[in-house]
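Trainee: Residue 129 in the numbering used here is what sits at position 129 of the sequence shown, and the numbering runs on without skipping anything. So that we are looking at the same thing, I have put the structure below in structure tokens.
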Amino acid sequence: MVSASAAAADAVIIGGGSTGTSAAFHLARRGAGKVFLIERAAVGSGPTGKSIGIIRLHYSYEPLIRLAARSLAFFSRFEEITGGTADFTRAGFLLLAAPEQMETVRANVELQRSLGVRTSILTPSEVAALEPRMHVADAGGAAYEPDSGFADGYATAASFAAAARRLGAEVWEGTAVERLVVEGRRVVAVETSRGTVATPRVLVAAGPWTPRLLEPAGVRVPIEATRQQVIHLAPPPAFGPLTVVLEDMIQAFYARPEAGGTALAGVLEEETQEVVSPDAFNQGADWDFVERVGQRWQRRFPGGADAAVQGGYASLYDVTPDWQPVLGPVDEIDGLYVAAGFSGHGFKLSPALGEALAAEMTGERPEIDISAFHLSRFATGALIWGRHQYGILG
Ligand SMILES: Cc1cc2nc3c(=O)[nH]c(=O)nc-3n(C[C@H](O)[C@H](O)[C@H](O)COP(=O)(O)OP(=O)(O)OC[C@H]3O[C@@H](n4cnc5c(N)ncnc54)[C@H](O)[C@@H]3O)c2cc1C
């Protein structure tokens, strides 16, 4: 292990979630010199490790569709590329919509298909044929992606970090970055709990903790930490396991299969965000939330009505004003990059984003243009809205 007092790196990445570990892997894979990944706790221990990990391509904004599609291709070959596992399960993804939502869904499906995505519109009876236990009388139809599914946040981050290490990166866990050192208008080092690391390039991928690292350097990023709850349901044995990932826009609810025939479920509600301190929030699930989600589950799956609640937890979204991440270089400080503010949908994008960020940090133009996500959009008012957007799903 490198001694911190003598450490120097070509690039430092702060934060060992899915974003930071992917960027570290892609930088190391590019042969971008000595790469350091610095994580305050353990790799994947933040919101990444609590992620539901749904991987879908249903977006209404072209760069996000491209990033999600490239990432899905990566998840599909994750073992071959990284030598580790993301625990990707190709369960299929169903976006269930009310009759009045179908026009928007159709427009988005058309947009996605024009970009090469395998997706189609299902009628309510086609949905019922795919998942006969689902109540569809209130639905106008669904968008269906047979190739999508879910993966595991912790496994993904741990595998990216291990692969980066095999490619020569230093991975420092249990090490907090305390300060960015800026001279003139250049980043020159990071001060950590293990000493200083000199470096000309820093990527801050610290999720909800990003503002507190950037603000002392005079950089303001509009990210709020919001509390997000998840419940773990065990449907009655006669119901059998859930087989498809469901995002139910009629009830603003999602459910996805989990090991042992169980399911993870939560809500898709933009309006009920609970802003919290990322260091002091209730990490359990509230009883009224459990009841609310249980009722939506039961309405959608009447045969699963007596599901037992096996547990629940809460973690954090890092939310920006337009629910889109902040990506790329920071204008005011040379060598400083940011990738944060994923607003609850960053996991599925992480393989392609790490690739794009690694390209930018080594002076190359990324294959997928991420410039629209630049921090300056909040000052210029060029916020990101999809062509046919429906709230939290983007
Ligand atoms: C309940 C829940 C469900 C979700 N479901 C989905 C989903 O279905 N699909 C999807 O695509 N996305 C989903 N997301 C969002 C997705 O998980 C996140 O966008 C993504 O994992 C964020 O990864 P990250 O690497 O940017 O940040 P994080 O996971 O927040 O990692 C940041 C890391 O930085 C570290 N850190 C902070 N400060 C410092 C410091 N000073 N020094 C060193 N290290 C530091 C932290 O310890 C942390 O490990 C969900 C999130 C949650 C919470």
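The beta carbon of each residue, even a glycine, is placed where N, CA and C say it ideally should be.
To the nearest angstrom, report how far apart Gly44 and Leu375 are at their CA atoms.
Mentor: Going by the C-alpha atoms only, they are around 25 Å apart.
Trainee: Which residues in the same chain have their Cβ closer than 6 Å to the Cβ of Phe301, if we skip the five residues on either side of it in sequence?
Mentor: Excluding residues within five positions, the ones whose Cβ falls inside 6 Å are Arg133.
Trainee: Under a Cβ-count criterion, where at least 16 other Cβ atoms within 10 Å of its own Cβ denotes burial, should Val275 be classed as buried or exposed?
Mentor: When all chains shown are included, Val275 counts as exposed.
Trainee: Would DSSP call Glu364 helix, strand or coil?
Mentor: Note: Glu364 maps to coil in three-state DSSP.
Trainee: Return helix, strand or coil for Gln273, following the three-state DSSP convention.
Mentor: It is coil, neither helix nor strand.
Trainee: Apart from the five residues just before and just after Met1, which ones in its own chain have a Cβ nearer than 6 Å to its Cβ?
Mentor: Low confidence applies here, because Met1 scores a pLDDT of 47, under 50, leaving its location unreliable and the question unanswered by this model.
Trainee: Short of 6 Å in beta carbon distance, which residues of its chain neighbour Pro211, apart from the five on each side in sequence? Order them along the chain.
Mentor: Within the same chain, Pro211 has close Cβ partners Val221, Ile223.
Trainee: Using a 10 Å radius around the Cβ and a threshold of 16 neighbouring Cβ atoms, would you call Leu264 buried or exposed?
Mentor: Looking at its Cβ environment, which holds 16 or more other Cβ atoms inside 10 Å, Leu264 is buried.
Trainee: So is Leu115 buried or exposed if we call it buried at 16+ other beta carbons inside 10 Å?
Mentor: Exposed.
Trainee: How should Thr272 be labelled, buried or exposed, when 16 other C-beta atoms within 10 angstroms of its C-beta is the threshold for buried?
Mentor: Exposed.
Trainee: Can you grab the Cα-Cα spacing for the pair Gly174 / Ala305, in whole Å?
Mentor: About 43 Å.
Trainee: Using a Cβ distance threshold of 8 Å, determine whether the stretch 56 to 69 contacts the stretch 196 to 204, with at least three qualifying pairs required.
Mentor: In short, these stretches do not touch, since the Cβ pair count stays below three.
Trainee: So is the beta-carbon of Ile141 under 7 Å away from any non-hydrogen atom of ligand 1?
Mentor: It should be noted that the sequence gives Gly, not Ile, for residue 141. No, the beta carbon of Gly141 sits no closer than 7 Å to any heavy atom of ligand 1.
Trainee: Check for me: the beta strand (DSSP E) holding Val290 runs from which residue to which?
Mentor: No beta strand (DSSP E) contains Val290, which is instead part of the alpha helix (DSSP H) from 287 to 300.
Trainee: With distances taken between CB atoms, is the gap from Ala11 to Gly33 smaller than 8 Å?
Mentor: In contact: Ala11 and Gly33 (Cβ atoms closer than 8 Å).
Trainee: Would Pro325 pass as a contact of Ala339 if the rule is Cβ separation under 8 Å?
Mentor: Contact flag set, yes.
Trainee: Just reading off the alpha helix (DSSP H) that His374 is part of, what are its end residues?
Mentor: Note, His374: premise wrong, no alpha helix (DSSP H); not H, not E.
Trainee: Going by C-alpha to C-alpha distance, which of Glu170, Glu178, Ala217, Val197 sits closest to Gly184?
Mentor: Cα-wise, what sits closest to Gly184 is Ala217.
Trainee: Below 8 Å on the Cβ atoms is my contact criterion, and I expect Gly49 with Ala163 to pass it. Report the Cβ-Cβ distance as a whole number of Å.
Mentor: About 18 Å separates the two Cβ atoms, so there is no contact after all.
Trainee: For Arg186, list the residues DSSP reports as bridge partners.
Mentor: Note: Arg186 sits in a beta bridge opposite Glu183, Asp334.
Trainee: For Asp318, is the classification buried or exposed, using 16 other Cβ atoms within 10 angstroms of its Cβ as the cut-off for buried?
Mentor: Asp318 comes out buried.
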